[in-house]
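Everything below concerns the one structure shown next.
2 protein chains.
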Amino acid sequence: MKKPLILITNDDGIFAPGLRKLIEIARQLGNVVVVAPETSQSGMSHAITVRAPLRLRKITEEKNFKEYSCNGTPVDAVKMGEQIIVRGKPDLVLSGINHGSNASVNIIYSGTMAAVLEATIDGISAVGFSILNYSKDADFSAVDEYVKAIIVNVLKNGLPEGICLNVNIPAIKKEDIKGIKVCRQAKGRWKEEFDERIDPHNRDYYWLTGVFQNGDSAPDTDSWALANNYISVVPVHYDFTSHKTIPEVKKWKMKV
Amino acid sequence: MKKPLILITNDDGIFAPGLRKLIEIARQLGNVVVVAPETSQSGMSHAITVRAPLRLRKITEEKNFKEYSCNGTPVDAVKMGEQIIVRGKPDLVLSGINHGSNASVNIIYSGTMAAVLEATIDGISAVGFSILNYSKDADFSAVDEYVKAIIVNVLKNGLPEGICLNVNIPAIKKEDIKGIKVCRQAKGRWKEEFDERIDPHNRDYYWLTGVFQNGDSAPDTDSWALANNYISVVPVHYDFTSHKTIPEVKKWKMKV
Chain A
7 MKKPLILITN DDGIFAPGLR KLIEIARQLG NVVVVAPETS QSGMSHAITV RAPLRLRKIT
67 EEKNFKEYSC NGTPVDAVKM GEQIIVRGKP DLVLSGINHG SNASVNIIYS GTMAAVLEAT
127 IDGISAVGFS ILNYSKDADF SAVDEYVKAI IVNVLKNGLP EGICLNVNIP AIKKEDIKGI
187 KVCRQAKGRW KEEFDERIDP HNRDYYWLTG VFQNGDSAPD TDSWALANNY ISVVPVHYDF
247 TSHKTIPEVK KWKMKV
Chain B
7 MKKPLILITN DDGIFAPGLR KLIEIARQLG NVVVVAPETS QSGMSHAITV RAPLRLRKIT
67 EEKNFKEYSC NGTPVDAVKM GEQIIVRGKP DLVLSGINHG SNASVNIIYS GTMAAVLEAT
127 IDGISAVGFS ILNYSKDADF SAVDEYVKAI IVNVLKNGLP EGICLNVNIP AIKKEDIKGI
187 KVCRQAKGRW KEEFDERIDP HNRDYYWLTG VFQNGDSAPD TDSWALANNY ISVVPVHYDF
247 TSHKTIPEVK KWKMKV
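So this is what it looks like as structure tokens:
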């Protein structure tokens, strides 16, 4: 059987240990093309680069494995991977393994998941992986078999049109992981706390910082799964329509 | 009755004519605070600035009207507007009027709509407006009464928790506008066409460009409404979960 062609990217950049782990796992399952950002692109969400030229840098080219970095965002990386390197559709797009959670509302800020959604818009099966440890030195030793099981299932079962997966992994020892839970995105938000400072020229500036507030601890959520030592798998789509609100807004008197 | 406090931003930047038009309309309905990006932030989606300091510049401060620019993204602008200027929750957040369509899949790339979604995450009613004309010199003369009618309805009826509105306006004369249609986001995608060039130092570079492909012309979509001279109003949420796919993925054999 022909090996699947797997395109891999991330948002922590080409040198991130999480990307290296994902490449290692994917190479056991297929031929791999990597196009990943040169530098960290955390919090870049679905941004695209329209006002600056994009470049690709070849890093490795060997049998069944090619690796490039690009100077753009994760979404740029997927577009360049498909159009310039693969010149067509890969069988699967993987993103991550992100250093830090993309559960709950984090998905909306995430470059990792934006890359996955971009592939989904293009009709390609795609999965994003994240581990709940922001450290560059995050321990990925527990993840191999779980990540592999999920990829194998996606390759075998396929995903419905327009659907991808958001996988989050608790930062715990392998023997403490209770299994995989398919769930929904929990409600939550970041409460900003701008760190206000004065520069040497006496002008104010601010660092964006914040704390995550989980507003939803129902047992069918990703937040609950992760807090209870499960790997969370959320099927994700990019239809932003609130279908159930349409009839309500239709009742409004908006004639001019 | 106390006038509502309206926070306004956009992604085309503080000098965009579409922002000026939205400010003009909003000032007829409430007290206005503007925090908008210094420069164009189109295509920045839900990006946040975490690796650079943020700054605010005061432009105008008069009775019931304050205006600031910020050096960040539209989502940064909303966060700074709420936390640093308003120091609490405004009654309404408006974004736009964007120069260019945010209908169909464009919503995912849009800084305009990301600002609206950010306010929604924070529990504030919010509406994004866009006109289907990318030109800086877009004609906004037809929009006043429609934009006002929508804002008045949002202030009067409120929006359900977690729901905002994505409003797109066809670039046609007022007498040709047939009315307002509440609808769903059409399926569509951008087909990339990288423009490959060689720089004076003989290195390749690429400009991201593309053509929009509408894959969905059903009469309940925003694309259909706009093509048929209606203003489209899509109720939008930020739950990315594909709830109907959960039972299907639960059937997979993902035991390790």
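Quick note, the sequences are listed as chains A and B, same order. If you count by our numbering, then the first sequence holds residues 7 to 262, one letter each, in order. If you count by our numbering, then the second sequence holds residues 7 to 262, one letter each, in order. C-beta atoms are modelled at their ideal positions from N, C-alpha and C, and glycine is treated no differently. Keep in mind it's a predicted model, so treat the numbers as computed, not measured.
Next on the checklist: Between arginine 26 of chain A and chain B, is the shortest Cβ-Cβ distance under 9 Å, so that the two count as touching?
Outcome noted: To locate residue 26 of chain A, count along the first sequence from 1; it is residue 20. For arginine 26 of chain A, the answer is no, since every Cβ of chain B falls outside 9 Å of its Cβ.
Next on the checklist: Mapping the DSSP letters down to three states, classify alanine 42 of chain A as helix, strand or coil.
Outcome noted: Along the first sequence, one-based indexing puts residue 42 of chain A at 36. DSSP places alanine 42 of chain A in strand when its eight states are reduced to three.
Item to check | Rounded C-alpha distance that separates valine 153 of chain A from alanine 177 of chain B | outcome: The residue given as residue 153 of chain A occupies position 147 in the first sequence. The residue given as residue 177 of chain B occupies position 171 in the second sequence. Spanning the two alpha carbons is a distance of roughly 48 Å.
Item to check | Distance, glycine 49 of chain A Cα to isoleucine 54 of chain B Cα | outcome: Locating residue 54 of chain B in the second sequence gives position 48, where the first residue counts as 1. Locating residue 49 of chain A in the first sequence gives position 43, where the first residue counts as 1. Going by the C-alpha atoms only, they are around 5 Å apart.
Checklist entry - Where do the N-terminal and C-terminal ends of the alpha helix (DSSP H) with leucine 161 of chain A fall, by residue? => result By one-based count along the first sequence, residue 161 of chain A stands at place 155. 150-163 is the span of the alpha helix (DSSP H), which, as asked, contains leucine 161 of chain A.
Checklist entry - Does the distance from the C-beta atom of asparagine 235 of chain A to that of isoleucine 157 of chain A stay below 9 Å? => result Here residue 235 of chain A refers to the residue found at position 229 when the first sequence is read from its first residue. Here residue 157 of chain A refers to the residue found at position 151 when the first sequence is read from its first residue. Their beta carbons are not under 9 Å apart, which means asparagine 235 of chain A does not touch isoleucine 157 of chain A by this criterion.
Next on the checklist: Do threonine 15 of chain A and valine 99 of chain A have their beta-carbon atoms positioned less than 9 Å apart in this structure?
Outcome noted: Within the first sequence, the letter at position 93 stands for residue 99 of chain A. Within the first sequence, the letter at position 9 stands for residue 15 of chain A. Their beta carbons are under 9 Å apart, which means valine 99 of chain A touches threonine 15 of chain A by this criterion.
Checklist entry - If you draw a straight line from the C-alpha of arginine 195 of chain A to the C-alpha of glutamine 219 of chain A, how long is it? => result Within the first sequence, numbered from 1, the residue matching residue 195 of chain A stands at position 189. Within the first sequence, numbered from 1, the residue matching residue 219 of chain A stands at position 213. So the alpha carbons of these two residues sit roughly 5 Å apart.
Checklist entry - Is the CB of glutamate 202 of chain A under 9 Å away from at least one CB in chain B? => result Within the first sequence, the letter at position 196 stands for residue 202 of chain A. Yes - at least one Cβ of chain B is within 9 Å of the one on glutamate 202 of chain A.
Checklist entry - Are there 16 or more other CB atoms within 10 angstroms of the CB of alanine 148 of chain B, so buried, or fewer, so exposed? => result Working through the second sequence from its first residue, we reach residue 148 of chain B at position 142. Classification of alanine 148 of chain B: buried, given that the 10 Å Cβ count is 16 or more.
Checklist entry - According to a CB-to-CB cut-off of less than 8 Å, which residues of the stretch 53-70 of chain B neighbour chain A? => result Ala53, Ile54, Thr55, Val56, Arg57, Pro59, Leu60, Arg61, Leu62
Checklist entry - Which of the three DSSP states, helix, strand or coil, is assigned to isoleucine 175 of chain B? => result The sequence position of residue 175 of chain B within the second sequence is 169, counting from 1. Strand, per DSSP.
Next on the checklist: Can you pull the chain B neighbours of glutamine 89 of chain A, defined as C-beta to C-beta under 7 Å?
Outcome noted: As a first step, residue 89 of chain A must be located in the first sequence, where it is residue number 83. Correct list: Glu198, Phe200.
Checklist entry - Expressed to the nearest angstrom, what Euclidean distance is found between the alpha-carbon atoms of leucine 161 of chain B and glycine 168 of chain A? => result Looking up residue 161 of chain B in the second sequence gives position 155. Looking up residue 168 of chain A in the first sequence gives position 162. Whole-angstrom Cα-Cα distance: 34 Å.
Item to check | Cβ pair count under 8 Å reaching 3, the stretch 66-82 of chain A against the stretch 23-40 of chain A | outcome: yes
Item to check | Of the residues A:Lys257, A:Val242, A:Pro80, A:Trp258, the one placed nearest valine 255 of chain B, counting alpha carbons only | outcome: Locating residue 255 of chain B in the second sequence gives position 249, where the first residue counts as 1. Checking every option, the nearest Cα to that of valine 255 of chain B belongs to A:Val242.
Item to check | Nearest neighbour of glutamate 202 of chain A, chosen from B:Leu35, B:Pro59, B:Gly24, B:Ala22 [CA to CA] | outcome: Position 196 of the first sequence, counting from 1, holds the residue named residue 202 of chain A. Closest by alpha carbon: B:Pro59.
Item to check | Cβ contact (3+ pairs, closer than 8 Å) linking the stretch 93-109 of chain B and the stretch 204-213 of chain A | outcome: no
Checklist entry - Distance, Cα to Cα, isoleucine 229 of chain A vs isoleucine 127 of chain B? => result To locate residue 229 of chain A, count along the first sequence from 1; it is residue 223. To locate residue 127 of chain B, count along the second sequence from 1; it is residue 121. For the record, residue 229 of chain A in the displayed sequence is serine; it is not isoleucine. Cα to Cα, serine 229 of chain A sits roughly 17 Å from isoleucine 127 of chain B.
Item to check | Residue-level contact to chain A via CB, glutamate 181 of chain B, 9 Å cutoff | outcome: On the second sequence, position 175 is the one that residue 181 of chain B refers to. Not an interface residue.
Next on the checklist: Below 8 Å on the Cβ atoms is my contact criterion, and I expect valine 81 of chain A with alanine 121 of chain A to pass it. Report the Cβ-Cβ distance as a whole number of Å.
Outcome noted: Indexing the first sequence from 1 puts residue 81 of chain A at position 75. Indexing the first sequence from 1 puts residue 121 of chain A at position 115. The Cβ separation is near 6 Å, so the contact holds.
Item to check | Coil, strand or helix - proline 199 of chain A by DSSP | outcome: On the first sequence, residue 199 of chain A is found 193 positions in, with the first residue counted as 1. It should be pointed out that residue 199 of chain A corresponds to glutamate in this sequence rather than to proline. Note: glutamate 199 of chain A maps to coil in three-state DSSP.
Next on the checklist: Does any residue of chain B have a CB that is nearer than 9 Å to the CB of histidine 243 of chain A?
Outcome noted: Position 237 of the first sequence, counted from the start, is the residue given in the question as residue 243 of chain A. Judged by the 9 Å Cβ criterion, histidine 243 of chain A is in contact with chain B.
Checklist entry - Which two residues bound the contiguous alpha helix (DSSP H) that contains valine 263 of chain A? => result This structure cannot speak to residue 263 of chain A, because chain A is shown only from 7 to 262.
Item to check | Extent of the continuous alpha helix (DSSP H) to which arginine 63 of chain A belongs | outcome: Taking the first sequence and counting its residues from 1, one reaches residue 63 of chain A at position 57. Run containing arginine 63 of chain A: none in the alpha helix (DSSP H); it sits in the beta strand (DSSP E), 62-68.
Item to check | Coarse secondary structure for alanine 132 of chain A, derived from DSSP in three states | outcome: What you label residue 132 of chain A is simply residue 126 of the first sequence in a count that begins at 1. The answer is strand: DSSP assigns alanine 132 of chain A an E or B state.
Checklist entry - From the DSSP output, which residues share a beta bridge with tyrosine 236 of chain B? => result As a position in the second sequence, residue 236 of chain B is number 230, starting the count at 1. Tyrosine 236 of chain B pairs with B:Gly185.
Checklist entry - Can you tell which of B:Asn159, B:Cys170, B:Pro253 has its C-alpha closest to the C-alpha of valine 5 of chain A? => result Missing from the structure shown is residue 5 of chain A; chain A here goes from 7 to 262 and no further.
Checklist entry - Helix, strand or coil: how does DSSP classify arginine 190 of chain A here? => result Sequence index remark: in the first sequence, residue 190 of chain A carries index 184 (1-based). In this structure, arginine 190 of chain A counts as strand in the three-state DSSP scheme.
Item to check | One or two residues paired with valine 122 of chain A in a DSSP bridge | outcome: Here residue 122 of chain A refers to the residue found at position 116 when the first sequence is read from its first residue. Paired residues: none, contrary to the question.
Next on the checklist: Counting only Cβ pairs nearer than 8 Å, list the residues of chain A close to glutamate 151 of chain B.
Outcome noted: In the second sequence, counting from the first residue as 1, residue 151 of chain B sits at position 145. Simply Val262.
Checklist entry - Going along the chain, which residues of its own chain have a beta-carbon closer than 7 Å to the beta-carbon of valine 111 of chain A, five neighbours each way excluded? => result Start at 1 with the first residue of the first sequence, and residue 111 of chain A comes out as number 105. So the qualifying residues of the chain are Gly194, Arg195.
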